[in-house]
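Asks: Below is one structure. I have some questions about it.
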Amino acid sequence: MYNHAFRLTGNWSVAEDVVSLTFLEAWRLRDRVDVGAGGGSLRPWLLGIATNVARNVRRADRRHDGALARLPRQEAAPDFAEEVTARIDDRERLAQVRTALAALRKPEREVLALCVWAGLDYAEAAEALGVPVGTVRSRLSRARRKLSRLVAAGRLRPPEGDREPRAGRGQGEGDRGNAVRLAQENTR
1 MYNHAFRLTG NWSVAEDVVS LTFLEAWRLR DRVDVGAGGG SLRPWLLGIA TNVARNVRRA
61 DRRHDGALAR LPRQEAAPDF AEEVTARIDD RERLAQVRTA LAALRKPERE VLALCVWAGL
121 DYAEAAEALG VPVGTVRSRL SRARRKLSRL VAAGRLRPPE GDREPRAGRG QGEGDRGNAV
181 RLAQENTR
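If you count the sequence shown from 1, position 1 lands on 1 in UniProt numbering, and the numbers rise without skipping.
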């Protein structure tokens, strides 16, 4: 099956995808197959599915390439010097946040991660953790209180100015500064 998919696609990685999609499609269509009274082979049926899947994959790739070709060209590469400088400046703040988070109990860190960084509301966080909504509220309140005490005690310095840390690759805007900002808001 794999060799057939490779012969059709010419790419080992794509052939792996074709084989997996072939068996998923075969499983979906299992009620339609007629092996016959003589216990015939399923090989021709599977090879036919693989051929169709490979054809669909090629078609999807052509459509994707065409869509990319229609996109407007970017004029110039952005300058990342400011972002690199901001990341270097944010290392100290990130270390402070990690220190503060280490002072929290695991359940409090989990609720803080879900509600503050992942952006879930209380009900969604409760569902994700398998606890009542009231438990999520109390854990988040405790976490905020502890972070506020750390800021008030000077063990976690607030950031200078209003500058927010820049988002790194794969992070939401200001994720790293949310805990510090959260603690500051509760001390005001």
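Virtual Cβ for every residue (Gly too), placed ideally from N, Cα, C.
Just curious, the alpha helix (DSSP H) that R63 is in, first and last residue?
Replies: On the sequence shown, position 63 is the one that residue 63 refers to. Run containing R63: R43 to R70, per the alpha helix (DSSP H) assignment.
Asks: For R43 and A69, I'd like the C-alpha separation in whole angstroms.
Replies: Taking the first residue of the sequence shown as 1, we reach residue 43 at position 43. Taking the first residue of the sequence shown as 1, we reach residue 69 at position 69. Near 39 Å, if we compare the C-alpha coordinates of A69 and R43.
Asks: Measure the alpha-carbon distance for R144 versus G10 and round it to whole angstroms.
Replies: The count along the sequence shown starts at 1 and reaches residue 144 at position 144. The count along the sequence shown starts at 1 and reaches residue 10 at position 10. The alpha-carbon atoms of R144 and G10 are separated by roughly 56 Å.
Asks: Going by alpha carbons, who is nearest to L24 out of L8, V53 and V14?
Replies: Along the sequence shown, read from residue 1 onward, the residue named residue 24 stands at position 24. Here the closest residue by C-alpha is V53.
Asks: Would a C-beta distance cut-off of 8 Å place M1 and V14 closer than the cut-off?
Replies: Walking along the sequence shown from the start, residue 1 turns up at place 1. Walking along the sequence shown from the start, residue 14 turns up at place 14. The answer is no: Cβ separation not under 8 Å.
Asks: Looking at C-alpha atoms only, which residue of R93, L94 and A125 is the closest neighbour of E108?
Replies: As a position in the sequence shown, residue 108 is number 108, starting the count at 1. Among R93, L94 and A125, the Cα nearest to that of E108 is on A125.
Asks: Take V133 as the anchor and find which of K146, C115, A102 and L147 has the nearest alpha-carbon.
Replies: Translated into the one-based positions of the sequence shown, residue 133 becomes position 133. Looking at the Cα atoms, C115 is the closest of the given residues.
Asks: Thinking C-beta only, is A50 closer than 8 Å to H4?
Replies: Counting from 1 along the sequence shown, the entry for residue 4 is found at position 4. Counting from 1 along the sequence shown, the entry for residue 50 is found at position 50. In contact: H4 and A50 (Cβ atoms closer than 8 Å).
Asks: Is DSSP giving N3 helix, strand or coil here?
Replies: The count along the sequence shown starts at 1 and reaches residue 3 at position 3. Correct three-state label for N3: helix.
Asks: Can you tell me the Cα-Cα spacing of D17 and F80, whole angstroms?
Replies: The count along the sequence shown starts at 1 and reaches residue 17 at position 17. The count along the sequence shown starts at 1 and reaches residue 80 at position 80. Distance between the alpha carbons of D17 and F80 is about 36 Å.
Asks: Taking the straight line between their C-alpha atoms, what separation do you get for A128 and R142?
Replies: Walking along the sequence shown from the start, residue 128 turns up at place 128. Walking along the sequence shown from the start, residue 142 turns up at place 142. One C-alpha to the other measures close to 19 Å.
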